[in-house]
Amino acid sequence: MKVLAITFCFFLFFISTNTKFSVCIDICRENEQQALESLKKEVYDPTNFLSSWIVGKDCCEWEGVVCHNLTRHVIELHIGGDGPNLLSNNLGWLPSLSNLENLEMEGVDLSNATNWLQVINMLPSLVELRLIDCSLHHIPPLLHHNFSSFETLDLSRNNFRSSIPKWVFDLPSLVSLDLSYSNFIGPFPEGPVNFTSLTSFRASGNSFNCLLPRWLFDLNNLETLELGSSGIEGAMPSEAANVTKHKYLDLSFNNLNSTIPNWSYRCKDLESLSLQGNNIEGVVSNAISNLSSITSIDLSGNMLSGKLPNVIGKLSKLGSLDLSGNLFEGELFELFNSRSNFLPAGLRNSSSLTRLYLRDNKLTGTLPESLSQLTILDEFDISNNTLEGVVTESHFTNWTQLRHFFASNNNLTLKVSQKWIPPFQAYRILIGSWNIGPLFPMWLQTQKNIISVDISNGGIQGEVPTWFWKLSSQFQFLDLSHNQFVGEVPTWFWNLSSQFRILDLSHNQFIGEVPIISTPYILLMLLGSNNFYGPLPQVPPDLNGLDLSNNSFSGGLSHLLCETNKNRSYELNILKLEGNDLSGEIPDCWMNWPELIVLNLGDNNLIGGIPRSMEVLSNLLSLDFRRNRLTGPLPSSLANCTKLLKIDLAENEFVGQLPPWLGMRLSKLIILSLSSNRFYGELPLEICYLKGLQILDLANNSFVGTIPRCISNLTAMIAKKKLGKLDLEYFLDVVGPSFREKAMVTTKGNNYQYDKTLALVTSMDMSNNNLCGDIPISFTSLVRLRFCNFSKNHLTGMIPNGIGDMKVLESIDLSKNQLSGQIPQSISSLSTLSFLNLSYNNLSGKIPVGTQLQSFTYSSFQGNELCGLPLLVNCSSGGQIPDVDIEKDESDEDELDWFYIAMSIGFGLSFWGVCSCLLFKRSWRHAYYQFLDSCWESLRVKIQIWEWI
């Protein structure tokens, strides 16, 4: 009885002190409440997140504080800058990127709180700590024994700027660790870690810049591993034993460069696999069919090759498959069945596949009709492949759920009835470069929810129907470019109160004026290569890109550039006005356009100089004023445009010497074209600072002096380009087409425009100047130079012997100089040479024998003292030109004398034979005279008629 009484009393005491049954103590522990109150006083809280932490009110009711139901100890502490929406009791919770974009991220600053560590130490039952987006810059060493019981630690979205402390990896009870987007730098700790209970490890969005830690794959209970965008590099481990419980694996957007390891195909519980944005190569193994639980696979943006893995058709739970941006080849239907054009049973009708992305590969063949068996397909992207054939109504029969159809840049033909009503209601239909025309696709009228349309380059002719212009009021994206549309764009269209983001009407035959554009939200407007005329329109402040090139706009630039809202700066990044009839001076109001990165005013009638206010264009990457009538020296205001990659001022009337700042301040230049101006003086040595220069055009000026010996510093003409980066493009912040840079290069006697392969072009043109001296030996170190023209100067000396080292040289013109000596033998080894002009120099000796040199015409070598093919002058055995006056063949002289003797005898016999017949034969003489009289009479009558007329 005594024991029972003691036990009963203890039970009553426990209840009275630790549970809700006692009204007096049904609140947060007093010492813990005081600790949290002191924490609130120490922190900076601009979002007012801690407003619910009211002194005297039960701390268990405070926002972000979770207490135990019985003991009333604080067991979870959630502090985050996004308020209640950021809090969760789910240990595996992590907001997705799409959610992050919609949240305010001001945060709670605990970095200056002196006692937050002491506060946490005073919460002995704390097992979950979340300090999300709290502006933390450091983590004090958590050495207190209380932290050994931590189950959840979330330090995501802070700004630590340091490596992960070692103690974090010594928390034996830790179940969930989230270090995402907190600016951790440096490698992971080496050696064993004490993560025996860890099921979720998230550390995306950091800068570890190290190999993938092997110990991550020795964690027996790990289910979630997220290391996207964290600078992980090198190979994925080839072996990993303890990965059987993996459900979510995200290693996207790193620098992994191995094949897909075989262990990844053994993760039967894996639901999501994301490896996109790496350099993973090789093929996808058929063992991928073992991933029976998989719902999402993303392998996009790698270097995977081979056939499409047709065994993927066996993955009955697969909802999203992204293989885009790789090197897959073969026919499309092989993805699901390599033997027939039908889907396997697992994907028919009941298929869970809703998203299929295959763009940017090397897929061939037709679009199989069997794809229509994917009855719940929502998004389909096959853009940028080489598919061909006809697409009919039957392809879309069962696609009732289709909302996004992307198939641009294939050689496909759409053949449907003008009365066809698609079974779907799509949001986006992008089928640019399909053969759609010549009639306008009337079925678009049935799409009531559509917001994006691309029917560019579709062979469509005629006027755009009125109903389509009205339908466009709901558009965000419209591309009608590269068709044969005619007529005017309705005036009201330019002022639509719509959600328009991108409008592309370029490369058509639209006519008319473009009024003031007041369409809200418009970000990109492309109207180039049409027949628009009149003054330039005014544009909205938020516009990012404007292309009005190759039209017939006239007048000055002030209407567009200066008559603006002077109370704000405009957001324009791209301005292309080349190829119009614009005139007058360039206005001095560029302070309104500080965000410009591309400015092209070429091929107009502009006069005057470059205005000073251009010094504010510090973001400018491309400047093109080619073919105007601009004058004056290069203004120093351009020296502030230090990001410039291209300057093209060719075919103007600029004067003066090249300033040294051109090479010192604009060191990033890739293209410098100053040809056909009035520049003079010596070339500054600072031009050799332009190490990235690939195109240098100084032709048709009055430069003097020598070619700088330091041109070997132009390392872009020496180093081999990395494959894959063939284009120089400018991307806006909006989703839409990029702007590809272009450049004019004079080579092989003609002008060529390069754009798609511009990054491979290297050219140096100094022709038609007054340069003197020899060609520097250092010139031959430019082994990546493709086009060279030094003609029409006063260069002397010999052609450098090392010219044979310039293995990619396609064109070289050294004509009309004073070069001497022999042609180097090494030039015959230039197998890529397709144009050569050495004419009108003082070269001598034998033309080297080589396949390329003998294929050129004699004009490539004329005006020298050369011999050998292709010239008709034979060389002596010593390689010298023979003396043709001394070494005449006697047999030739005899043949010449007998030719003249025989010709004289023949003429004499013929003449006296005819005359003797007329002299001694009277009837022949009379007939001859009558013939002459009749000819004269006929001629006299015709003359009289002509005079009368």
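When you line the sequence shown up against mature numbering (1 follows the signal peptide of the UniProt record, and there is no 0), it's residues -24 to -1, 1 to 925, in that order.
Where a beta carbon is used, it is the ideal one built from N, C-alpha and C, also for glycine.
Open item on the list: Can you confirm whether the segment 716 to 733 touches the segment 752 to 761 when touching is taken to mean that 3 or more C-beta pairs between the two stretches lie within less than 8 Å?
Closed with: No, the segment 752 to 761 is not in contact with the segment 716 to 733.
- [ ] Could you pull out every residue in the same chain whose Cβ sits closer than 7 Å to the Cβ of Glu215, ignoring the five residues on either side in sequence?
- [x] Counting only Cβ-Cβ distances below 7 Å, and skipping sequence neighbours, we find Trp239.
Open item on the list: Considering just the uninterrupted stretch of the beta strand (DSSP E) at Lys622, what are its terminal residues?
Closed with: Boundaries of the beta strand (DSSP E) harbouring Lys622: 622 to 624, taken from the DSSP string.
TODO: Return helix, strand or coil for His535, following the three-state DSSP convention.
DONE: In the structure shown, His535 sits in a helix (DSSP, three-state: H, G or I).
Task: Three-pair Cβ contact test at 8 Å for the segment 202 to 215 versus the segment 257 to 267 - done: The segment 202 to 215, when compared against the segment 257 to 267, does not touch it at the 8 Å Cβ threshold.
- [ ] Could you spell out where the beta strand (DSSP E) holding Thr722 opens and where it closes?
- [x] For Thr722, the enclosing beta strand (DSSP E) starts and ends at 719 to 723.
Task: Alpha carbon of Lys622 to alpha carbon of Tyr20, nearest angstrom - done: When rounded, the distance between both Cα atoms is 47 Å.
Task: Spatial distance of Leu415 from Ser457 (CA atoms) - done: Rounded to whole angstroms, Leu415 to Ser457 spans 15 Å at the Cα level.
Open item on the list: Please tell me whether Asp194 and Lys223 are closer than 8 Å, where the distance is taken between their beta carbons.
Closed with: It is not a contact, given that the beta carbons lie outside the stated cut-off.
Task: Own chain partners of Gly639 with C-beta closer than 6 Å, once the 5 adjacent residues on each side are dropped - done: Result list for Gly639: Glu662, Ile663, Tyr665, Leu666, in chain order.
Task: DSSP three-state assignment for Cys35, whether helix, strand or coil - done: DSSP, read as helix, strand or coil, puts Cys35 in helix.
TODO: Return the chain-ordered list of same chain residues with a C-beta closer than 6 Å to the C-beta of Thr389, the five sequence neighbours on each side being excluded.
DONE: Answer for Thr389: Val366, Asn411, listed in chain order.
Task: Selected residue, minimal CA-CA separation from Ile270, among Gly289, Ser714, Thr342 - done: Nearest Cα to Ile270 within the set Gly289, Ser714, Thr342: Gly289.
- [ ] Please say whether Asn433 and Gly408 have beta carbons closer to each other than 8 Å?
- [x] Yes, Cβ-Cβ distance for Gly408 and Asn433 is below 8 Å.
- [ ] Taking Phe630 as the reference, give the member of Leu582, Leu620, Met590 with the closest Cα.
- [x] Ranking the options by Cα distance to Phe630, first place goes to Leu582.
- [ ] Express the C-alpha separation of Leu593 and Pro587 in angstroms, rounding to a whole number.
- [x] Rounded to the nearest angstrom, the two C-alpha atoms are 12 Å apart.
Open item on the list: Does His458 come out as helix, strand or coil in the three-state DSSP assignment?
Closed with: Secondary structure at His458: coil, using DSSP grouped into helix, strand and coil.
Open item on the list: Mapping the DSSP letters down to three states, classify Glu629 as helix, strand or coil.
Closed with: It is a strand residue.
Open item on the list: So, with DSSP's three-state summary, where would you put Ile754?
Closed with: According to the sequence provided, residue 754 is Ser. The question's Ile does not apply to it. Three-state DSSP puts Ser754 in a helix.
Task: Residue ranges of each beta strand (DSSP E) within the segment 416 to 494, 3 or longer - done: 428 to 430, 437 to 439, 453 to 455, 460 to 464, 478 to 480, 485 to 489, all fully within the segment 416 to 494.
TODO: From the DSSP output, read off the bridge partner residues of Cys764.
DONE: Cys764 is bridged to Met740, Ile788.
- [ ] With DSSP as the reference, label Cys43 as helix, strand or coil.
- [x] The three-state reading of DSSP puts Cys43 in strand, counting E and B together.
Task: DSSP state of Val680 mapped onto helix, strand, coil - done: DSSP places Val680 in strand when its eight states are reduced to three.
- [ ] Give every residue of the same chain whose Cβ lies closer than 6 Å to the Cβ of Thr368, excluding the five residues on either side of it in the sequence, and list them in chain order.
- [x] Excluding five sequence positions before and after Thr368, the CB atoms of its chain that fall closer than 6 Å to its own CB belong to Lys391, given in chain order.
Task: Asn793 versus Arg603 - alpha carbon distance - done: Just so you know, the alpha carbons of Asn793 and Arg603 end up roughly 28 Å apart.
- [ ] Might you give, ordered along the chain, the residues of its own chain that have their beta carbon closer than 7 Å to the beta carbon of Gly668, omitting 5 neighbours on each side?
- [x] The residues are Lys644, Leu645, Ile646, Ala692.
TODO: Consider the C-beta atom of Asp298 and the heavy atoms of the ligand ZN; say whether any pair is separated by less than 7 Å.
DONE: Here there are no bound small molecules, and the ligand ZN is not part of this structure.
TODO: Below 6 Å CB to CB, which residues in the same chain sit around Cys764 once its five sequence neighbours on both sides are set aside?
DONE: Excluding residues within five positions, the ones whose Cβ falls inside 6 Å are Met740, Ile788.
Task: Local Cβ density within 10 Å of Trp29, reported as buried at 16 or more and exposed below that - done: So Trp29 ends up on the buried side.
- [ ] May I have the straight-line CA-CA distance separating Leu251 from Phe304, to the nearest angstrom?
- [x] Straight across, the Cα-Cα distance linking Leu251 with Phe304 is about 16 Å.
Task: Inter-residue CB distance, Asn840 and Leu814 (contact presumed, cutoff 8 Å) - done: For a cut-off of 8 Å, the C-beta gap from Asn840 to Leu814 is around 7 Å, short enough to register as a contact.
Task: Run of the beta strand (DSSP E) containing Met501, from where it starts to where it stops - done: Residues 500 to 502.
Task: Distance between beta carbons of Glu547 and Leu519, contact taken as under 8 Å - done: Yes, they are in contact, since the Cβ atoms of Leu519 and Glu547 sit about 7 Å apart, within 8 Å.
Task: Buried/exposed call for Trp443, threshold 16 Cβ in 10 Å - done: Exposed: under 16 other Cβ atoms inside 10 Å.
Open item on the list: Measuring only the C-alpha atoms, how far is Leu533 from Asn580?
Closed with: C-alpha separation (whole angstroms): 11 Å.
Open item on the list: My assumption, with CB atoms under 8 Å, is that Ser173 sits in contact with Val151. Please give the rounded CB distance.
Closed with: At roughly 5 Å, the Cβ-Cβ gap stays under 8 Å, so Ser173 and Val151 are in contact.
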